[in-house]
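> Chains as they are written, first to last, in this note's numbering: chain A, 36 to 296; chain B, 12 to 258. My questions will all concern the structure given below.
Structure representation (structure tokens):
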């Protein structure tokens, strides 16, 4: 009984180590091929449009409502201690340091990451990846490298957009709806936000871009190893990619915050 | 003097998850010929082809390329061998997100240093030869099964390969389309003088295309010979297979 348990446990550990090794190699292979000539400009632009531009509406919508909720909740919490004047700073700091990068990463993963996994997964099960290999085209370079560079470009820009729209959302609920002086709202933001805070948010969004894109592309690329072939395999891979990316975002958020504070 | 085979399988074994698929395959493929590998579904015909492309590696045995073991070739030699090779997949493996022109041009665009106008000239020439003119901007999903096969064939031939591997090139096609694809393979093989290795179920139609035939059954090559040999053969396995009986 005990030996069986140890055997099972050991097998699980080995499988995990194997997966970890595979994802690290996949990532390194993809990063290395960003720099191999010729640089894939057209694909990078195409993916930046897909990951970045096509996410703008979702980011504006989520950013606006996140900011509005923060403004609303923040006001009623701060008013209890007579500090409602600090609402602008509270909303902006929460967004720039924490919610902006995290929510942006989650929304982009849900929209673009899931699509990456599904697209690459379908390519795997329909032998399109094998076809690339027979044409002497490196599939990791072809499929993953442009996506990771596009994500690294898009995530920080989308995070900045989320932050700005969120601050406007906080302004709408705090100043326009609840009557906080708009100059006070803006002044507290300007006085409380330091370059260090903005940089911290960007470091996070950069890390989230790398982590989520790697997980989503990896899950699609190796869909046959984890979820099997067929439509069900691709759907399972897509679900796993989104769940694992979101978990990774929270884990990395904690790690980065630990080093930044 | 004996001719050295272009590709030679010597006692090749391959298992997947403990179940053996190839159990000591011996097969010789000669330069410039059309060889057809026949056999029941699931006997490892596609696996056999994938060994040549390097998509699958044998567990034991050897694959010789012009007399030299494939796994002992130097990296540049192996690369140069693979560059001569084209593979037409059973389900075409066309890229859904690319239009027909880009699908056909892909191996040239990604691998060659041809200028854009030369790539265009080559792609349009192949498209015209295969009766695909005018559909450059369409996507694979917008084409019929037969047209998709022709696009896959155009993509396989655009790099002027020396060896073309056809994995059941006529699966799912009606008899007229099948005949067309077969005659196309024959015609282009003559024209471009490539070595064609075809995996097929289409008995007896494929015999009109084949110069040599190999029967893969139960993981081994049970027959290898010319069309005449196979038709003259009184072997039970061959006759049963041709007549569609369970072997």
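C-beta atoms are modelled at their ideal positions from N, C-alpha and C, and glycine is treated no differently.
(1) Return the chain-ordered ranges of every beta strand (DSSP E) run that is complete within the stretch 144-174 of chain A and spans a minimum of 3 residues.
(2) Just the C-alpha distance for residue 254 of chain A and residue 89 of chain B, rounded to the nearest angstrom, thanks.
(3) Using the rule of at least 16 other Cβ atoms within 10 Å of the residue's Cβ for burial, across every protein chain shown, is residue 211 of chain B buried or exposed?
(4) For chain A, find out if any of its Cβ atoms is closer than 8 Å to the Cβ of residue 87 of chain B; answer yes or no.
(5) Please work out which residues of its chain come closer than 7 Å, Cβ to Cβ, to residue 199 of chain B, disregarding the five sequence neighbours upstream and downstream, and give them in chain order.
(6) Nearest-angstrom Cα distance between residue 181 of chain A and residue 110 of chain A?
(7) In terms of residues, what are the limits of the beta strand (DSSP E) holding residue 76 of chain B?
(8) Around the C-beta of residue 289 of chain A, are 16 or more other C-beta atoms found within 10 angstroms, so that it is buried, or is it exposed?
(9) Measuring only the C-alpha atoms, how far is residue 68 of chain B from residue 263 of chain A?
(10) Taking its Cβ as the centre, do 16 or more other Cβ atoms sit within 10 Å of residue 160 of chain B, making it buried, or is it exposed?
(11) Short of 7 Å Cβ to Cβ, which residues in the stretch 154-167 of chain A face chain B?
(12) Considering residue 198 of chain A, what are the terminal residues of the alpha helix (DSSP H) in which it resides?
(13) Rounded to a whole number of angstroms, what is the C-alpha to C-alpha distance between residue 242 of chain B and residue 213 of chain B?
(14) Residue range of the beta strand (DSSP E) that residue 19 of chain B falls in?
(15) Nearest-angstrom Cα distance between residue 150 of chain A and residue 273 of chain A?
(16) Below 8 Å on the Cβ atoms is my contact criterion, and I expect residue 21 of chain B with residue 73 of chain B to pass it. Report the Cβ-Cβ distance as a whole number of Å.
(17) Quick one: which chain A residues come within Cβ less than 7 Å of residue 64 of chain B?
(18) Three-state secondary structure (DSSP) at residue 234 of chain A?
(19) DSSP on residue 207 of chain B, reduced to helix/strand/coil?
(20) Using a Cβ cut-off of 9 Å, pull out every chain A residue sitting near residue 37 of chain B, in sequence order please.
(21) Given this structure, state the Cα-to-Cα distance separating residue 164 of chain A from residue 175 of chain A, to the nearest angstrom.
(22) With contact counted as at least three CB pairs below 8 Å, one residue from each stretch, are the stretch 218-230 of chain B and the stretch 34-53 of chain B in contact?
(23) Which of the three DSSP states, helix, strand or coil, is assigned to residue 296 of chain A?
(24) Check each residue of the stretch 96-128 of chain B: if its Cβ is closer than 9 Å to any Cβ of chain A, include it; give the result in chain order.
(25) Let me see if you follow: with CB-CB separation under 8 Å, is residue 160 of chain B close to chain A or not?
(26) With a Cβ-Cβ cutoff of 8 Å, do residue 223 of chain A and residue 106 of chain A count as a contact?
(27) According to the neighbour-count rule (16 or more other Cβ atoms, all chains shown, within 10 Å of its Cβ), is residue 187 of chain B buried or exposed?
(28) Which runs of the beta strand (DSSP E) fall wholly inside the stretch 30-56 of chain B and span at least 3 residues, in chain order?
(29) Name, going along the chain, the residues of the stretch 168-189 of chain A whose beta-carbon falls closer than 8 Å to a beta-carbon of chain B.
(30) Three-state secondary structure (DSSP) at residue 53 of chain A?
(31) Evaluate residue 27 of chain A with the Cβ neighbour count: other Cβ atoms within 10 Å of its Cβ, from every protein chain shown; 16 or more gives buried, anything less gives exposed.
(32) Looking at chain E, is there any beta carbon in it that lies within less than 8 Å of the beta carbon of residue 173 of chain B?
(33) Check the DSSP bridge columns for residue 98 of chain B and list the partner residues they point to.
(34) Beta-carbon separation of residue 94 of chain A and residue 196 of chain A under 8 Å?
(35) Are residue 202 of chain A and residue 125 of chain A closer than 8 Å when you measure CB to CB?
Looking at the atomic coordinates:
(1) none
(2) 30 Å
(3) buried
(4) no
(5) 168
(6) 43 Å
(7) 71-76
(8) exposed
(9) 20 Å
(10) buried
(11) 161, 162, 163, 165 and 166
(12) 180-206
(13) 15 Å
(14) 18-27
(15) 8 Å
(16) 5 Å
(17) 169
(18) helix
(19) strand
(20) Under the 9 Å cutoff, chain A gives no residues; its nearest Cβ is about 24 Å from residue 37 of chain B.
(21) 9 Å
(22) yes
(23) coil
(24) 96, 97, 98, 100, 101, 102, 103, 104, 105, 106, 107, 108, 117, 118, 121 and 122
(25) no
(26) no
(27) exposed
(28) 30-40 and 45-49
(29) 168, 169, 170, 171, 172 and 177
(30) helix
(31) With chain A covering only 36 through 296, there is no way to say anything about residue 27 of chain A.
(32) You won't find chain E in this structure, because its protein chains are A and B.
(33) B/176
(34) yes
(35) no
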